[in-house]
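One rule links them: number in this note's numbering = place in the sequence shown (from 1) + 4. Note that CB positions come from ideal geometry on N, CA and C, so glycine has one too. The block underneath contains the structure these notes are about, expressed in structure tokens.
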Amino acid sequence: MTKDSVITDAITYTKRLQYEVDTLTQELHALEEKENLEERAEPKIAEFSAAEDLNNWGIQEEVQVENIGENKLWIKIIIEKNTGRFMKLMETMNSLGIEIIEANVTTIKGAYLIVTSIKGISFDVHQAKHLLADIIKSI
């Protein structure tokens, strides 16, 4: 192998690599354009607020209270899903001396479904229901 043939081979190899780089660059640009077109073509999902979700699904805020034993109540609350609202409800109930025995929270369609057992208050079912309704209105 002569010096001239090594240089010629190197030049040929470099040109081949440059051609591959150019080809791959074009393919990359074509893929990016296709991806941009697909992003623009995707339909936008309408975003609703929690209140709109509640109305669309016919969900209304409600409070249900049942007596399940001496000084124990079972509570079911449906409220609009807002950031921090569940925490405010639990803090308010705790500050009133209501001991939460257990709580289950489910979120769906812009609403919280809160099912809990409490003790520590000597209200009857109707008084507890009105108290909780007032708490919910205030948070």
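Asked                                                                                                                                                                      : Found
Nearest-angstrom Cα distance between I104 and N60?                                                                                                                         : 32 Å
Count the other C-beta atoms from every protein chain shown that fall within 10 angstroms of the C-beta of M4, then say buried if there are 16 or more, exposed otherwise. : With the chain running from 5 to 143 in the structure shown, residue 4 is simply not present.
Please name the residue or residues paired with Q68 in a DSSP beta bridge.                                                                                                 : K80
Whole angstroms are fine: how far does the CA of S126 sit from the CA of G101?                                                                                             : 11 Å
Tell me, which residues are paired with V10 by DSSP?                                                                                                                       : Partner(s): none; V10 has no beta bridge.
Here's the rule I'm using: 16 or more other beta-carbon atoms within 10 Å means buried, otherwise exposed. How should V69 be labelled?                                     : buried
Within the same chain, show all residues whose beta-carbon is closer than 8 Å to that of T29, passing over the 5 residues directly before and after it, in chain order.    : none
Can you tell me which of N86, M97, G124 puts its alpha carbon nearest to the alpha carbon of I112?                                                                         : N86
Counting only beta-carbon atoms, is T16 nearer than 7 Å to chain B?                                                                                                        : Looking at the structure shown, chain B is missing, and only one protein chain is on hand.
Just reading off the alpha helix (DSSP H) that E106 is part of, what are its end residues?                                                                                 : Element bounds for E106: not the alpha helix (DSSP H) but the beta strand (DSSP E), 103 to 112.
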